[in-house]
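When we follow full-length UniProt numbering, the leftmost residue of the sequence shown carries the number 1, and every step to the right adds one.
Scroll down for the structure; my scribbles are underneath it.
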Amino acid sequence: ALSYVPREFNFIDHTSDIGRKDRSEKVQSMIVDAGIYLSGRTNFFRATQKRPSPDAFKFFTGSPWVILNRRFIEYCVLGWENLPRLLLMYFNNVMLPQEGYFHSVICNSLDFRNSTVNNDLRYKVWDDPPQTEPLFLSMAHFNKMVDSGQPFARRFQANGPLLDKIDEKLLKRPGHGPVPGAWCAGRKSWFIDPCSQWSDVNVVKPGPQALKLQQYINWTLEEADSGAKSCRL
């Protein structure tokens, strides 16, 4: 489903529509993370004063779950122009920088702003009104989650029954064994594990969920081609 997706795309949920409260908390507040300077320290300190909103770049925020291509990561690491370094220094004192650094770099870069797909490919359920984190998924969300075709989901309760149902119904995972695939060459029966014998481990055969994923990716790319939600300044 992903083999034909253009390599230049970056899947990154983003927006520049920041409310007054979020602007005060995310953009103007300053923190000092003690862990950067002192080993073993995990707390941070919040400055009493606020700084003005930046005028050298547009502030973007969004989901911290991103899929970025190699060229963009090299741009951020090597920084062959000043933008990645400038934003790195700014976000060094921002609360939750993972929700804004890559988003702001990519949307302020003339070379990369047209490579964004405004989607984090995750199934989430929000409260009404939305809170800072999505709801924990339950058994009641299983069918909609499966039908969505999205390859990832959050949040899950640790060792919850929904995870067991995903193992059983979607992954067909037996007990504590591996997820079976086309590489399992053994005979399947109630007392024999078909994955006890291997064939070519590189064989991949799409199942029903792969078809749903392909439909979802097609829809996502069509929306990206329209450019309606991509890095709107």
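For every residue, glycine included, the Cβ atom is placed at its ideal position computed from N, Cα and C.
Could you check the C-alpha separation between residue i and residue j for me, to the nearest Å?
i           : j      : result
Cys76       : Ser189 : 52 Å
Val204      : Asp193 : 19 Å
Ser53       : Ser29  : 10 Å
Val215      : Pro208 : Residue 215 is actually Gln in this sequence, not Val. Rounded to the nearest angstrom, the two C-alpha atoms are 11 Å apart.
Trp219      : Leu213 : 10 Å
Ile106      : Trp65  : 15 Å
Arg7        : Glu222 : 16 Å
Phe112      : Phe9   : 9 Å
Val179      : Asn159 : 17 Å
Gly177      : Val201 : 16 Å
residue 238 : Lys124 : An answer regarding residue 238 cannot be provided, because it is not within the stretch 1 to 233 covered by the chain.
Leu121      : Asn43  : 31 Å
Lys172      : Val5   : 27 Å
Ser199      : Pro130 : 48 Å
Asp225      : Ile18  : 24 Å
Pro97       : Arg85  : 14 Å
Pro206      : Pro174 : 19 Å
Asp167      : Phe191 : 19 Å
Pro134      : Arg51  : 30 Å
Val27       : Arg232 : 18 Å
Trp80       : Asp128 : 44 Å
Lys165      : Ile217 : 24 Å
Leu87       : Glu74  : 15 Å
Taking C-beta to C-beta, are residue i and residue j nearer than 8 Å?
i      : j      : result
Met95  : Glu25  : yes
Ser196 : Gly181 : no
Ser104 : Phe57  : yes
Glu99  : Gly149 : no
Leu68  : Phe91  : no
Ala1   : Ala210 : yes
Asn108 : Leu83  : yes
Asn118 : Asp13  : yes
Please determine whether the Cβ atom of residue i lies at a distance below 7 Å from any heavy atom of the ligand GTP.
i      : result
Phe156 : As far as ligands go, the structure on display features none, and thus does not contain the ligand GTP.
State the CB to CB distance for the pair residue i and residue j, rounded to an integer number of angstroms; the pair is presumed to be in contact (CB under 8 Å).
i           : j      : result
residue 244 : Ser3   : The displayed coordinates of the chain run from 1 to 233. Any statement about residue 244 would go beyond what the structure contains.
Phe60       : Ser16  : 5 Å
Phe136      : Arg155 : 5 Å
Phe45       : Val32  : 5 Å
Cys139      : Leu163 : Reading the sequence as shown, one finds Met at residue 139 and not Cys. Contact doesn't hold; Cβ gap of about 11 Å is too wide.
residue 241 : Leu170 : Nothing about residue 241 can be reported from this structure: the residues present for the chain run from 1 to 233 only.
Determine which residues share a DSSP beta bridge with residue i and list them.
i      : result
Thr116 : Asn10
Asp33  : Phe44
Ser189 : Ile192
Ala153 : Tyr123
Ile67  : Phe11
Cys76  : None, per the DSSP bridge assignment.
Cys184 : Trp198
Thr61  : Thr15
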